[in-house]
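Have a look at the structure below before the remarks.
Number of protein chains: 2
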Amino acid sequence: MRSLDDYRNATEQSLLPMLRSLGEIPDRLREAMEYSLMAGGKRIRPSLLLAACETAGGDTRMAMPFACALEMIHTYSLIHDDLPALDNDDLRRGKPTSHMIFGEDMAILAGDGLLNAAAELMAGAALRLDDLQGFHAMEIIMRHAGVTGMIAGQTMDVISEGGTPREDLVEYIHSHKTADLLEAAMEAGLALAGANRDQIAAGREYGYHLGMAFQMTDDLLDVIGDVKMMGKKPGMDEGKMTWVALRGIADTEKDAREEIDRANEAISRLPWNTALFQEFARSLIDRHL
Amino acid sequence: MRSLDDYRNATEQSLLPMLRSLGEIPDRLREAMEYSLMAGGKRIRPSLLLAACETAGGDTRMAMPFACALEMIHTYSLIHDDLPALDNDDLRRGKPTSHMIFGEDMAILAGDGLLNAAAELMAGAALRLDDLQGFHAMEIIMRHAGVTGMIAGQTMDVISEGGTPREDLVEYIHSHKTADLLEAAMEAGLALAGANRDQIAAGREYGYHLGMAFQMTDDLLDVIGDVKMMGKKPGMDEGKMTWVALRGIADTEKDAREEIDRANEAISRLPWNTALFQEFARSLIDRHL
Chain R
19 MRSLDDYRNA TEQSLLPMLR SLGEIPDRLR EAMEYSLMAG GKRIRPSLLL
69 AACETAGGDT RMAMPFACAL EMIHTYSLIH DDLPALDNDD LRRGKPTSHM
119 IFGEDMAILA GDGLLNAAAE LMAGAALRLD DLQGFHAMEI IMRHAGVTGM
169 IAGQTMDVIS EGGTPREDLV EYIHSHKTAD LLEAAMEAGL ALAGANRDQI
219 AAGREYGYHL GMAFQMTDDL LDVIGDVKMM GKKPGMDEGK MTWVALRGIA
269 DTEKDAREEI DRANEAISRL PWNTALFQEF ARSLIDRHL
Chain L
19 MRSLDDYRNA TEQSLLPMLR SLGEIPDRLR EAMEYSLMAG GKRIRPSLLL
69 AACETAGGDT RMAMPFACAL EMIHTYSLIH DDLPALDNDD LRRGKPTSHM
119 IFGEDMAILA GDGLLNAAAE LMAGAALRLD DLQGFHAMEI IMRHAGVTGM
169 IAGQTMDVIS EGGTPREDLV EYIHSHKTAD LLEAAMEAGL ALAGANRDQI
219 AAGREYGYHL GMAFQMTDDL LDVIGDVKMM GKKPGMDEGK MTWVALRGIA
269 DTEKDAREEI DRANEAISRL PWNTALFQEF ARSLIDRHL
């Protein structure tokens with residue numbers, strides 16, 4: 019079994035060829051799409067998809083278009099999130115955001131382009147596979163990315179800003195905005211390998227709890243970072259829908275550890291070696307807490 | 019054979035049920051998506067898709083998710099086109115545009131949502147069909163809508179504004195921004211009915227020439243409308259990439275008629291009754307010129 023870093027490197031090398039395989043894209047549009055796609059993410063979603071597929075006995079070459087499509091969807095969501103009308107961020111991972119470099123018009127089009135490219139890439143790859151597994155994976159990914167999934171989470175995040183955090187609302191936002199694409203990675207990877215319904219459900223559970231833990235530790239890091247770096251008082255003051263604002267630091271740490279345990283409990287139901295997934299889940303805690 | 023109005027009515031009645039079949043969409047997002055989707059378009063693309071499918075012996079009920087998906091893609095492109103960072107339009111078809119009512123943030127998300135919903139709807143419908151025709155149709159639609167298709171045309175339109183019209187550039191913009199989704203309608207409708215490669219190619223040619231004629235007559239109507247209503251001098255003055263700015267009124271009229279002839283020549287290669295398509299193409303001229 020390979021490591022998550024191996025899957026990351028394989029993804030890294032495939033993203034541009036996959037995008038360019040679609041045909042002649044106008045230069046400015048292609049540059050804007052490639053800029054954000056290659057801006058140096060951790061490639062967690064495609065790596066998990068490839069790992070899930072290989073763990074279940076599938077072929078990662080066959081899964082690569084789906085892995086790259088998932089990363090394109092994640093990337094488009096960041097481009098649109100950063101727009102002035104949404105989060106209005108000038109920087110992401112220390113680099114100027116898309117609209118700062120290419121203008122708002124091109125940032126909107128580059129986001130649209132990446133979302134469409136993802137669906138186009140998967141449809142083409144699935145047709146070439148000549149069985150239904152590719153189409154199952156595609157349906158899974160589009161559903162988790164869509165208006166009952168990631169976009170729903172983003173919508174509630176936007177609408178709720180400034181309101182009083184409520185547990186059901188914070189859970190809704192995190193589960194859709196963050197966990198949905200991790201569930202998609204696990205489910206799609208397993209589906210591509212021909213895993214059965216129960217196995218796919220175990221993958222989804224792992225993705226869900228991993229996503230919740232991910233968001234909790236991210237919220238913690240924000241607050242702890244603020245305290246360390248700016249002496250700012252944690253939580254509450256910003257009116258943001260975070261787990262820390264709702265539960266405080268100590269309980270969020272506890273909750274995150276519980277989510278990791280649940281993730282690993284779920285993934286250990288799979289009849290294969292799942293050490294990679296369990297280590298990855300634990301590494302979230304080690305890194306953040 | 020039914021009329022295009024029949025197909026339009028059938029589409030009209032299916033759009034909301036199709037969207038809602040995706041599951042629980044947050045209210046504000048659903049309202050924004052439905053507002054633009056039901057803002058009263060002519061439904062030309064889905065109607066042509068259904069007509070092409072039935073003409074070739076296919077079942078329009080089976081084709082309906084693809085027809086609705088195509089209209090969702092058309093609608094998302096209008097929402098994003100109207101945004102302040104792009105065309106900055108306050109009104110469309112006499113109604114306030116999406117961002118005027120729901121704000122820019124929700125207009126961006128509603129557009130993303132409709133594009134994603136289109137792919138999700140097609141993937142689900144294709145899986146239920148249990149043969150490859152649905153996936154072929156989906157691949158056709160996503161390709162024509164994408165970064166080598168409609169989004170490419172939109173990009174070049176945005177980039178070229180204010181420049182000197184050049185024939186190759188105007189042709190590129192019109193063929194992608196306008197013709198691509200009409201080609202998609204014809205190709206996908208025929209593919210869903212199991213038409214062969216030559217028949218699908220004839221449908222694509224019809225869609226291409228129809229799209230070019232459509233854009234030419236639209237440009238003409240703009241100019242003639244301006245002259246009639248505001249006494250404004252036609253063409254040239256706006257620095258827009260239109261056929262009229264390039265060729266003048268008289269030659270654009272001639273070119274549009276030639277495109278209609280070519281469209282009808284192509285569609286008459288199909289071994290079925292294509293009167294509906296020929297009448298529709300001619301109606302463009304009658305209405306506009």
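Quick note, the sequences are listed as chains R and L, same order. Under this note's numbering, the first residue of the first sequence is numbered 19, with each subsequent residue one higher. Under this note's numbering, the first residue of the second sequence is numbered 19, with each subsequent residue one higher. Every residue, glycine too, gets a C-beta built ideally from N, C-alpha and C. Remember, predicted model here, so these are calculated numbers, not experimental data.
Please state whether the Cβ-Cβ distance between R:THR173 and L:ARG38 is less than 8 Å.
Contact: no.
Would you check whether the ligand MN has a heavy atom nearer than 7 Å to the C-beta of L:PRO35?
The ligand MN is not part of the structure shown, which contains no ligands of any sort.
Give me the chain L residues within the contact set of R:PRO83, using Cβ-Cβ distance strictly less than 8 Å, ordered along the chain.
Residues of chain L passing the Cβ test: none, with the nearest at roughly 12 Å.
Check for me: the alpha helix (DSSP H) holding L:GLY152 runs from which residue to which?
L:GLY152 -> alpha helix (DSSP H) spans 151-163.
Chain R contacts from the stretch 155-175 of chain L (Cβ-Cβ distance under 7 Å)
Close to chain R, meaning a Cβ-Cβ distance shorter than 7 Å, are the following residues of the stretch 155-175 of chain L: MET156, GLU157, MET160, ARG161, ALA163, GLY164, VAL165, THR166, ILE169, ALA170, GLN172, THR173, MET174.
At which residues does the alpha helix (DSSP H) containing R:GLU201 begin and terminate?
It spans 198-210 - the alpha helix (DSSP H) in which R:GLU201 sits, taken as one unbroken run.
Measuring CB atoms only, is the stretch 224-231 of chain R touching the stretch 189-204 of chain R, in the sense that at least three cross pairs come out at less than 8 Å?
Verdict: yes, contact present.
Please state the DSSP three-state secondary structure of L:LEU104.
L:LEU104 falls in the coil class under three-state DSSP.
So what's L:ARG280 in DSSP terms, helix, strand or just coil?
Assignment of L:ARG280 by DSSP, reduced to helix, strand and coil, places it in the helix class.
DSSP state of R:ARG184, grouped into three classes?
Looking at R:ARG184 - three-state DSSP - the assignment turns out to be coil, as it is neither helix nor strand.
Is the CB of L:ALA103 under 8 Å away from at least one CB in chain R?
A Cβ of chain R is located within less than 8 Å of the beta carbon of L:ALA103.
Of the listed residues L:ILE62, L:ARG287, L:LEU210, nearest to L:ALA144 (C-alpha basis):
If we check each option's Cα against that of L:ALA144, L:LEU210 comes out closest.
Contact belief for L:ILE169 with R:ASP130 at Cβ below 8 Å, rounded distance in angstroms:
Beta-carbon to beta-carbon, L:ILE169 and R:ASP130 are separated by about 6 Å, close enough to satisfy the 8 Å threshold.
Look up L:LEU109 in the DSSP assignment and say whether it is helix, strand or coil.
Collapsing the DSSP output to three states places L:LEU109 in a strand.
CB contact check: L:GLU185 to chain R, cutoff 8 Å
L:GLU185 does not count as touching chain R.
Can you tell me where the alpha helix (DSSP H) with R:HIS194 in it begins and where it stops?
Where R:HIS194 is concerned, there is no enclosing alpha helix (DSSP H), given that its DSSP letter is neither H nor E.
Taking Cβ-Cβ distances shorter than 9 Å, what residues in chain R pair up with L:ILE126?
Going along chain R in sequence order, the residues near L:ILE126 (Cβ under 9 Å) are HIS98, LEU101, ALA103, LEU104, ILE126, GLY129.
Tell me, please, whether the CB atom of L:ALA263 is closer than 8 Å to any CB atom in chain R?
Residue contact check for L:ALA263 against chain R: no CB pair falls below 8 Å.
Please state the DSSP three-state secondary structure of R:PRO114.
Three-state DSSP puts R:PRO114 in a strand.
Relative to the C-alpha of R:LYS105, which residue among L:MET80, L:PRO83, L:ASP123 is closest?
One detail in the question is off: residue 105 of chain R reads as Asp in this sequence, not Lys. Out of L:MET80, L:PRO83, L:ASP123, L:ASP123 has the C-alpha closest to the C-alpha of R:ASP105.
Please list, in chain order, all residues of the same chain as R:GLN296 whose beta carbon is under 6 Å from its beta carbon, the five residues on each side excluded.
Same-chain partners within the cutoff: ASN282.
Residue span of the alpha helix (DSSP H) that contains R:LEU34, given as start and end:
Per DSSP, R:LEU34 belongs to the alpha helix (DSSP H) from 22-38.
Counting contacts by CB-CB distance shorter than 8 Å, is L:ARG46 in contact with chain R?
Judged by the 8 Å Cβ criterion, L:ARG46 is in contact with chain R.
In chain order, each alpha helix (DSSP H) run of at least 4 residues that lies wholly inside the stretch 32-104 of chain L
If we require 4 residues or more, the alpha helix (DSSP H) runs fully inside the stretch 32-104 of chain L come out as 45-55, 62-73, 78-99.
Min CB distance R:PHE120 to chain A below 8 Å
The structure shown contains no chain A; its protein chains are R and L.
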